[in-house]
Each structure stands twice: as C-alpha cells, then as structure tokens.
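J.: Count the sequence shown with this note's numbering and you get residues 545 to 706, in order. All residues carry an ideal CB built from backbone N, CA and C; glycine is no exception. After the structure tokens below, expect a handful of questions from me.
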Amino acid sequence: MSESFAVNVNAVKLRFASAHMATLGKELEPLHGHNYIVSCTVEGDITDDEWVIDFSVIKDSVRDACKILDHKFILQKDSSILEIKETSHEWQIEHDGHKYLFPKNDVVALNIKNTTAENLAKWLFYSIKKDILTNNYSNIHNMTIEVEEMPGQSGIYKSKLK
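Take a look at the structure:
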C-alpha cells in the first residue's frame, strides 16, 4: 500500500469579504458580496523533521493571498461579455446598457474569465503556490484550495505543484 500524507488548514482567519458580479451565459448577476472562507490542503512527503509542512507556514501564505481580495470588488478582466475599461482613477464596466464605475483602489482586477468560487480557488492556488515554491518546499506535490461562498456551497481547485 502506498502512503500519503497531507496537511489541511481552515482557520477562522482564512477568509475574505468581497463583492462581485459573476456572469452566467450572457447574463450578469447583480452586484453582491460574500464572506468567503478558504481551506487549503497540501499533500507531500514527510521531511526529516517528520512534517509535511508547518501549519503556520500554510496559514500565513493563505492569509496573505486573502488580504489581496479582502474588502475589494473582484473584477474578471478576461470576461468575454463585459466591456471593461481602465482609466487612471477608476474601472468602467458595461453590460447590456448598464454602466458601472468603481474607484481603482476598491478593485482587485484578476486575469480570470468569471468570478466564480472555482476560479477564485484557482487564483488563490497560484498565489499560494508561488510562496511554497519560493521557500523550497520541494516535498510538497499537490495542493487543493476550497473557497466557500456560504455554508454548504464552495468551489474547489486541485493541481500538482510541479
């Protein structure tokens, strides 16, 4: 039998509150927000110290990524149905005759097609992955990120780190 080890963190402070307008087909949801909760599982080999990784290292990395999204409007820059313009002080979004203006400092513009929980999980994965690889945790092979919009409703992204 093959052994497998994993570490999971889903502490109270691994969260962010953000607004968004997801798209579904050609429709745009009304502006609304969530108090998202993030969970992170890393899988890998046990080190000489008998750890996969210290819990605090993962918590710090997840917390840092969540801070980028916290109290922001999340904009999907790669949307195929939104007309998006960036000016020196605001983001302009147009859809189906409606125009939305957001101050730049209230927006985090991500290179994603839609602001679904699944895509936010993927964005968080790559943000956290940079941290792990930068700090030479070569024993870690896979990572799973879960982003919960509300109890019982979440999006998950899982991939290899290398």
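When the Cα atoms are used, what is the spatial distance from Ile625 to Gly577?
T.: Roughly 20 Å separates the two Cα atoms.
J.: Do Gln697 and Ile656 have their C-beta atoms closer together than 8 Å?
T.: Cβ distance not < 8 Å, so Gln697 and Ile656 don't count as in contact.
J.: Are the Cβ atoms of Ile689 and Ser605 separated by less than 8 Å?
T.: Not a contact, by the Cβ cut-off of 8 Å.
J.: Quick one: using the 10 Å Cβ neighbour count with 16 as the cut-off for buried, is Thr659 buried or exposed?
T.: Thr659 comes out buried.
J.: Kindly identify the DSSP beta-bridge partner or partners of Pro647.
T.: Pro647 is bridged to Glu634.
J.: With a threshold of 8 Å, are at least 3 pairs of Cβ atoms found where one atom belongs to the stretch 623-642 and the other to the stretch 566-585?
T.: In short, these stretches touch, since the Cβ pair count reaches three.
J.: State the Cα-Cα distance for the pair Glu634 and Ser623, rounded to the nearest angstrom.
T.: Distance between the alpha carbons of Glu634 and Ser623 is about 18 Å.
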